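> Residue numbers (our numbering), protein chains in the order written: chain Y, 1 to 353; chain B, 354 to 706; chain G, 707 to 1059; chain E, 1060 to 1412.
Protein chains: 4
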Amino acid sequence: MSSAKKAKIGVLGASGYTGAELVRLLLCHPQAEIKLLTADRRAGKTMADVFAQFAPFALPTLTSVEDADWSALALDVAFCALPHGTTQTVIKELLARAPRSKVVDLSADFRLADPASYARWYGHAHAAPELQKEAVYGLTEIYREKIKNARLVANPGCYTTAAELPLIPLLKAKAIDPDEIVVDAKSGMTGAGRAARDDMVFAEVSEGFHAYGVGHHRHMAELDQEFSRAAGREVVVSFTPHLAPMNRGILATIYVRGPKATPQDLHAVLAKAYAPEPFVHVLPFGATPQTRHVRGSNMTFIGVAADRIPGRAIIVSALDNLTKGASGQAVQNMNVMLGLPETTGLEQVALFP
Amino acid sequence: MSSAKKAKIGVLGASGYTGAELVRLLLCHPQAEIKLLTADRRAGKTMADVFAQFAPFALPTLTSVEDADWSALALDVAFCALPHGTTQTVIKELLARAPRSKVVDLSADFRLADPASYARWYGHAHAAPELQKEAVYGLTEIYREKIKNARLVANPGCYTTAAELPLIPLLKAKAIDPDEIVVDAKSGMTGAGRAARDDMVFAEVSEGFHAYGVGHHRHMAELDQEFSRAAGREVVVSFTPHLAPMNRGILATIYVRGPKATPQDLHAVLAKAYAPEPFVHVLPFGATPQTRHVRGSNMTFIGVAADRIPGRAIIVSALDNLTKGASGQAVQNMNVMLGLPETTGLEQVALFP
Amino acid sequence: MSSAKKAKIGVLGASGYTGAELVRLLLCHPQAEIKLLTADRRAGKTMADVFAQFAPFALPTLTSVEDADWSALALDVAFCALPHGTTQTVIKELLARAPRSKVVDLSADFRLADPASYARWYGHAHAAPELQKEAVYGLTEIYREKIKNARLVANPGCYTTAAELPLIPLLKAKAIDPDEIVVDAKSGMTGAGRAARDDMVFAEVSEGFHAYGVGHHRHMAELDQEFSRAAGREVVVSFTPHLAPMNRGILATIYVRGPKATPQDLHAVLAKAYAPEPFVHVLPFGATPQTRHVRGSNMTFIGVAADRIPGRAIIVSALDNLTKGASGQAVQNMNVMLGLPETTGLEQVALFP
Amino acid sequence: MSSAKKAKIGVLGASGYTGAELVRLLLCHPQAEIKLLTADRRAGKTMADVFAQFAPFALPTLTSVEDADWSALALDVAFCALPHGTTQTVIKELLARAPRSKVVDLSADFRLADPASYARWYGHAHAAPELQKEAVYGLTEIYREKIKNARLVANPGCYTTAAELPLIPLLKAKAIDPDEIVVDAKSGMTGAGRAARDDMVFAEVSEGFHAYGVGHHRHMAELDQEFSRAAGREVVVSFTPHLAPMNRGILATIYVRGPKATPQDLHAVLAKAYAPEPFVHVLPFGATPQTRHVRGSNMTFIGVAADRIPGRAIIVSALDNLTKGASGQAVQNMNVMLGLPETTGLEQVALFP
């Protein structure tokens, strides 16, 4: 698109954390203009009412998504940060009324390509199967070419981005044993969203650490799909998510066995794969990353170290679950879809300390 | 300056927190190019060695400040984030060798205009009294006109910025009793710098709260100077700093008595004074700010509420001690000194959550 | 009571934080046996279901308070940690059915002695005015003699305990000006209870600091009552509560003016008043306390320092809001009511780090 | 020992975190009396000078360990919380001068029974090889019978206790494949001790998460020894420690494969092994623990869940690194050595929230 004209943007579900992160990033994006912000329960309020940091900025008043006139709005890009379920019908409606709009969906609704897999994990048939078929999985570094021409991008989950970026190149290269992968993932609390649940109250989270969803977590479906695609055979990994007493950040510690490949070989595969990428940085062999060093940025840091057990390696990846793990990658996908330089509006350096 | 040519920038003391914050901001500043980074104890290392978040960026190797050839470097602006004492001699030398360079000093060395006051608070005579005389106090919103032509700007302290922005307009307007001011300030831990002191270790700070420097803190000298200037008479306030278990942020709760002015009057004075300012936002009457809503941004939020005791008001200000309280205001001052739009490179929205 | 026979204890409202803290303390109390735990919404569950730390302990199943047969239970002491309002009717019923039971109420329902004051702050007439009259205010160090023979003790609030312990002796001694008191208080998040409110979610609280209830907070009514009693005249103080990103702890920074008394005089008054007290420790002059050093203990630490403004002093008190600020003081009051040594079951040393 | 006479206790290295935790626990121990506190760099100071929470308690002044007259002191039990290396010579001297004293050593100096293994991991020969031979490994639940008659107990490390309690019974029962064990461990910051290192400063730790010592950590030597003993063959596990932004707590997430045993079988083995133990609690099958629910207590909570991959299970253990992971287990060992009930002085319930 011409650099003179800004893209008209809508954020559906602006009162959640990924919604606020989208607004934060888009306010500094030179080619984007926010035209619509929806938040059903907060309709009529200002964005500053729900997130005080936006008080100094001019932004549209929050409206209900059902009041949106998609045709008249003629959005260039709609970011959809709505709850599971609602999403399918909203996007179906939006694309029917405004067929030239593009959509980046941050929910899980369009991530699984297989209708049977969707039905198994979510317990019901998909409400928009033709769109499910059309949707492109939005792990930008892997699916960039498809994203360029996509109308609907299914933005990956935060855990899955953290696990897939290091593992997909290794599986593609057949450098690791697909049956011996353990992913131990740790997340900050914003990954759980903004809902006021008993177990999310400060005093229940601070000064402690725990696993959850042990043995069963919906992100597993996404991992299975992408790892199997990459390996060209079925891959099922052990995956355990944990909650750490911090706001932002995911660290994935990944245990792999290279049947023949040494840990240094694995490092070389990743270093080569990501050398040209602006948002994936592979640390020197033996060094491992910290979540704080990517906080608020769209970067993923990856480290590879040798385990003391011969043939095993430990891979650690770190990203900000709200940025590269959600809204940052969504903007990155928008840039690809609009033909803009991929880093536009995403140059912010991590906020540390 | 011409928008085509970038300003050549040096950051002296780049391995501390205010140094890292300067680099974070300058990397996104379209008119600035970092040419020099010094860190005496880390000379020879890369910036990524001391702050891993900079690993993906091209930056000069850290050098010792005494190896700098100021004349050859011909810096447009040097930010000085060195410890107290060292600063005076380094800046004296720099300006002698490179008289066309401009300096923004983030230490306390040039904040006090009165040599006697300096000697009383710091226990020794100033090493560069002629520069002390020349230096302009860098509270941008108050001293903008002088900063435009300054060669040496003394960037204010973080506590003092948080207290002075709300109080100076009120004292100038004679709206409050100068003898009845209590400033109760709370700071995040980065305000104490990066030194590995026993009392700064995580476990000594986490899950607790305390006051320090009760009855005596060097920032008081700065407050006295600026409040007395604003009131046109001597003003001495009660000031107590506290440490909160968080990285960034200062909240100042200020108790004042308006001899005749109502709390609403005080609010009106501040709302009017800061209406045109991009980095000071006055909340609606009765609302008070939170530090998290300015985190990582250059904003100061100010709220005014009525106390239940007639005639008294409670004013609360919030800023990020590393941004508006230090490096952000330093870049703001650079912009003023170079004739750039004041918000250049400082548009980042607060990182919340 | 005989040391051989344990007191039969009920905890009404066991699923909240003060309820859990009571159970924690009573499980180590050699003279107490928990016979009843109520939690209406969780009736039928175990205590371990709502607080996993109790899994290894044998405790009564949670029941609904309305299912309690007060007469048959014949509790020696009932701790009432119920929400405001409910409390009045439950205690009225309990004492009617079991007139030999004693009650320590942790709600605000019986703290105000004046029916008019109660009605003004709470917006309705008291439902048990005769009990309101009978209730003894449970600040143990000040009202110990009355508590000994009380049937109903109104346990003080956490903020009020932190402010009253240092100020009551000074007001009684007429050592400070009652019209020039500012109380700036900071609390951990457990002070807000266990309710899942939007503003209590981890990510809304972590890494930030703010004031709330500025100019109006119900604890003020209690402060007014007790300070006026101590001074023998009406006293109204400036009081601002803040929330710090920590679980436990209150720090009150108190600004006072001694019309004639020096700061050292104020320190002497407090040191003398609290010398015999096991749970109030006055630090050496000039030292101020940290909340972490009383965490989980029933101690209050108090420090007095001179302000640099002649005639003014800064007093800092620290306590754990759930222990001395609530459940610990409740157990202390139980000990007094039962004629046990006051420190029984309360000897735990602060948990630091 | 007679319950009338209290054991005379020394704490060597009282100014560190495990030293403070020993003092916290011993002050509430009815059969212990602290007679000696050493802290070389703080000799001459009071315990309250280095840990303010002890201000209200009467305790011996800190002395230098080399000034201790072991023969005259005739300690019943010395807890040794000194740095690696120093420990060997101090204990050798102590036991030579006071042969009837018993020692619980909290350092790593006597944990490895094999002199060759010690030399390999620590880079030098052991300075007291005859004591190394005599020392009993102090994992109480496993070595209780030997501890009863031991003169020198080598208290296990915190990570190792968290991994060994769940794994030793499973390895002994040959219920899991010893070659397929991954231990992903997360610790609070107090595990790193009290030293003021750059990477332990609050702002470097807060709001972030990272792995460290990837592929090489000295606790591995202990794990190898104990797992090999339990399995009756050499066992080497993958082990990665991480640091979480919290003070206390270790969570170990352990991935195992039962060649024939189902996850339910593994749960049954552990539930049976620990049914009689007061300080190990096995949760119902499928439930997993949180560190906050054991904070400040001597409990270990263990959970077992099925992985979705047939044949694999995920085991999670949680303990407080300073209590069961260090000083609590040390007091537990003292109780065993002195013939006291094992829970004496250790009944404190976890401090949550």
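Where is the CB? At the ideal position from N, CA and C, for every residue including glycine. Note that the structure is predicted; figures quoted are calculated from it, not measured.
#1: Hey, does residue 669 (chain B) have any beta-carbon neighbour from chain G nearer than 7 Å?
#2: Quick check: is the beta carbon of residue 400 (chain B) nearer than 7 Å to any beta carbon in chain G?
#3: Measure the C-alpha to C-alpha separation of residue 1062 (chain E) and residue 1088 (chain E) and round it to an integer number of angstroms.
#4: Are any of the Cβ atoms in chain Y nearer than 7 Å to that of residue 1317 (chain E)?
#5: 7 Å is my cut-off, CB to CB: does residue 3 (chain Y) come that close to chain E?
#6: Assign residue 673 (chain B) to one of three DSSP states: helix, strand, or coil.
#7: In the segment 571 to 595 of chain B, which residues sit with their C-beta less than 9 Å from some C-beta in chain G, listed in chain order?
#8: For residue 906 (chain G), which residues in the same chain have their Cβ closer than 8 Å to its Cβ, ignoring the five residues on either side in sequence?
#9: When the cut-off is 7 Å and only beta carbons count, does residue 1383 (chain E) lie next to chain C?
#10: Answer yes or no: does any C-beta atom of chain Y fall closer than 7 Å to that of residue 1266 (chain E)?
#11: Given 8 Å as the limit, is there contact between the segment 320 to 334 of chain Y and the segment 149 to 164 of chain Y, that is, 3 or more CB pairs closer than that?
#12: So what's residue 381 (chain B) in DSSP terms, helix, strand or just coil?
#13: I need the DSSP call for residue 1257 (chain E), collapsed to helix, strand or coil.
#14: Between the segment 529 to 550 of chain B and chain G, which residues of the former have CB atoms less than 7 Å from a CB of the latter, in chain order?
#15: Does the CB of residue 55 (chain Y) have a neighbour CB from chain B at under 7 Å?
#16: Should residue 548 (chain B) be labelled buried (16 or more other beta-carbon atoms within 10 Å of its own) or exposed?
#17: Helix, strand or coil: which one does DSSP assign to residue 1172 (chain E)?
#18: Among G:950, G:843 and G:716, which one has its Cα closest to the Cα of residue 603 (chain B)?
#19: Of the choices G:1049, G:849, G:910 and G:747, whose alpha-carbon is the least far from that of residue 769 (chain G)?
#20: For residue 1159 (chain E), which residues of its own chain have a beta-carbon under 8 Å away from its beta-carbon, when the five flanking residues on both sides are left out?
#21: If we call anything under 7 Å between Cβ atoms a contact, is residue 1070 (chain E) one with residue 1086 (chain E)?
#22: Could you list which residues in chain E have their beta carbon closer than 7 Å to that of residue 246 (chain Y), in chain order?
#23: Per DSSP, what kind of secondary structure is residue 1061 (chain E) in: helix, strand or coil?
#24: Can you tell me where the alpha helix (DSSP H) with residue 1419 (chain E) in it begins and where it stops?
#25: If you follow the beta strand (DSSP E) that residue 602 (chain B) is in, where does it begin and where does it stop?
#26: Enumerated in chain order, which unbroken segments of the beta strand (DSSP E) with a length of 3 residues or greater are wholly contained in the segment 240 to 305 of chain Y?
#27: Does the beta-carbon of residue 328 (chain Y) have 16 or more other beta-carbons within 10 angstroms, so that it is buried, or is it exposed?
#28: From the DSSP output, which residues share a beta bridge with residue 1371 (chain E)?
#29: So, under 8 Å CB-CB, residue 5 (chain Y) and residue 35 (chain Y) are touching, yes? Tell me the CB distance rounded to an integer number of Å.
#30: Interface residues of chain Y around residue 649 (chain B) at Cβ under 8 Å?
#31: Which value, in whole angstroms, describes the spacing of the CA atoms of residue 150 (chain Y) and residue 338 (chain Y)?
#32: Residues in its own chain within less than 7 Å of residue 1168 (chain E) by CB, not counting five upstream and five downstream?
#33: Can you tell me whether DSSP reads residue 893 (chain G) as helix, strand or coil?
#34: By the criterion of Cβ-Cβ separation under 8 Å, what are the contact partners of residue 370 (chain B) in chain Y?
#35: Could you check what DSSP says for residue 1096 (chain E) in three-state terms: helix, strand or coil?
#36: What is the DSSP secondary structure of residue 773 (chain G), reduced to helix, strand or coil?
So, from the listed chains and residues:
#1: Along the second sequence, one-based indexing puts residue 669 (chain B) at 316. At least one chain G Cβ lies under 7 Å of residue 669 (chain B).
#2: On the second sequence, residue 400 (chain B) is found 47 positions in, with the first residue counted as 1. No, no contact with chain G.
#3: By one-based count along the fourth sequence, residue 1062 (chain E) stands at place 3. By one-based count along the fourth sequence, residue 1088 (chain E) stands at place 29. Any reading at residue 1062 (chain E) must be qualified, since the residue scores a pLDDT of 49, below 50, and its modelled position is unreliable; no value is offered.
#4: For the purposes of this step, residue 1317 (chain E) is taken as residue 258 along the fourth sequence, with counting starting at 1. No, no contact with chain Y.
#5: For the purposes of this step, residue 3 (chain Y) is taken as residue 3 along the first sequence, with counting starting at 1. The predicted position of residue 3 (chain Y) is uncertain, since its pLDDT is 49 and thus under 50; a value taken from the coordinates is nonetheless stated next. No, residue 3 (chain Y) does not count as interfacial toward chain E.
#6: Sequence index remark: in the second sequence, residue 673 (chain B) carries index 320 (1-based). Residue 673 (chain B) falls in the coil class under three-state DSSP.
#7: 573, 589, 590, 591, 592, 593 and 595
#8: Taking the third sequence and counting its residues from 1, one reaches residue 906 (chain G) at position 200. If we look at residue 906 (chain G) and ignore the five residues flanking it on each side, its Cβ neighbours are 895 and 898.
#9: Although the question refers to chain C, the structure presented lacks it and instead comprises the protein chains Y, B, G and E.
#10: For the purposes of this step, residue 1266 (chain E) is taken as residue 207 along the fourth sequence, with counting starting at 1. Residue 1266 (chain E) counts as touching chain Y.
#11: yes
#12: Looking up residue 381 (chain B) in the second sequence gives position 28. Note: residue 381 (chain B) maps to coil in three-state DSSP.
#13: Here residue 1257 (chain E) refers to the residue found at position 198 of the fourth sequence. The answer is helix: DSSP assigns residue 1257 (chain E) an H, G or I state.
#14: 535, 537 and 539
#15: If you number the first sequence from 1, residue 55 (chain Y) lands on position 55. Answer yes: the Cβ-Cβ gap between residue 55 (chain Y) and chain B drops below 7 Å somewhere.
#16: Residue mapping note: residue 548 (chain B) aligns to position 195 of the second sequence, counting from 1. Counting Cβ neighbours within 10 Å, residue 548 (chain B) comes out exposed, since fewer than 16 surround it.
#17: Indexing the fourth sequence from 1 puts residue 1172 (chain E) at position 113. Three-state result, residue 1172 (chain E): coil.
#18: The count along the second sequence starts at 1 and reaches residue 603 (chain B) at position 250. With distances taken between Cα atoms, residue 603 (chain B) lies closest to G:950.
#19: The count along the third sequence starts at 1 and reaches residue 769 (chain G) at position 63. Of the candidates G:1049, G:849, G:910 and G:747, the one whose C-alpha sits nearest the C-alpha of residue 769 (chain G) is G:747.
#20: Translated into the one-based positions of the fourth sequence, residue 1159 (chain E) becomes position 100. 1133.
#21: As a position in the fourth sequence, residue 1070 (chain E) is number 11, starting the count at 1. As a position in the fourth sequence, residue 1086 (chain E) is number 27, starting the count at 1. For residue 1070 (chain E) and residue 1086 (chain E), no; Cβs fall outside 7 Å.
#22: Here residue 246 (chain Y) refers to the residue found at position 246 of the first sequence. Near residue 246 (chain Y) (Cβ distances below 7 Å), the residues of chain E are 1266, 1267, 1268 and 1304.
#23: The residue labelled residue 1061 (chain E) in the question sits at position 2 within the fourth sequence. Below a pLDDT of 50, predicted positions are generally treated as unreliable, and residue 1061 (chain E), at 48, falls in that range; the measurement from the model is reported next regardless. Coil.
#24: Here chain E has residues from 1060 to 1412 only, and residue 1419 (chain E) is not among them.
#25: Translated into the one-based positions of the second sequence, residue 602 (chain B) becomes position 249. Where residue 602 (chain B) is concerned, there is no enclosing beta strand (DSSP E), given that its DSSP letter is neither H nor E.
#26: 250 to 257 and 280 to 282
#27: Start at 1 with the first residue of the first sequence, and residue 328 (chain Y) comes out as number 328. Buried.
#28: Start at 1 with the first residue of the fourth sequence, and residue 1371 (chain E) comes out as number 312. E:1316, per the DSSP bridge assignment.
#29: Position 5 of the first sequence, counted from the start, is the residue given in the question as residue 5 (chain Y). Position 35 of the first sequence, counted from the start, is the residue given in the question as residue 35 (chain Y). Actually they do not touch by this definition, with Cβ atoms about 13 Å apart.
#30: As a first step, residue 649 (chain B) is located in the second sequence; it is residue number 296 there, counting from the start. Here the neighbours are 296 and 351.
#31: Against the first sequence, residue 150 (chain Y) aligns to sequence position 150. Against the first sequence, residue 338 (chain Y) aligns to sequence position 338. Those two C-alpha atoms are separated by around 10 Å.
#32: Taking the first residue of the fourth sequence as position 1, residue 1168 (chain E) is located at position 109. Excluding residues within five positions, the ones whose Cβ falls inside 7 Å are 1143, 1146 and 1147.
#33: Stepping through the third sequence from its first residue, residue 893 (chain G) is reached at position 187. Residue 893 (chain G) falls in the strand class under three-state DSSP.
#34: Your numbering for residue 370 (chain B) matches position 17 in the second sequence. Residues of chain Y passing the Cβ test: 353.
#35: In the fourth sequence, counting from the first residue as 1, residue 1096 (chain E) sits at position 37. It is a strand residue.
#36: Counting from one through the third sequence, the residue named residue 773 (chain G) turns up at place 67. Residue 773 (chain G): helix per DSSP, three-state reduction.
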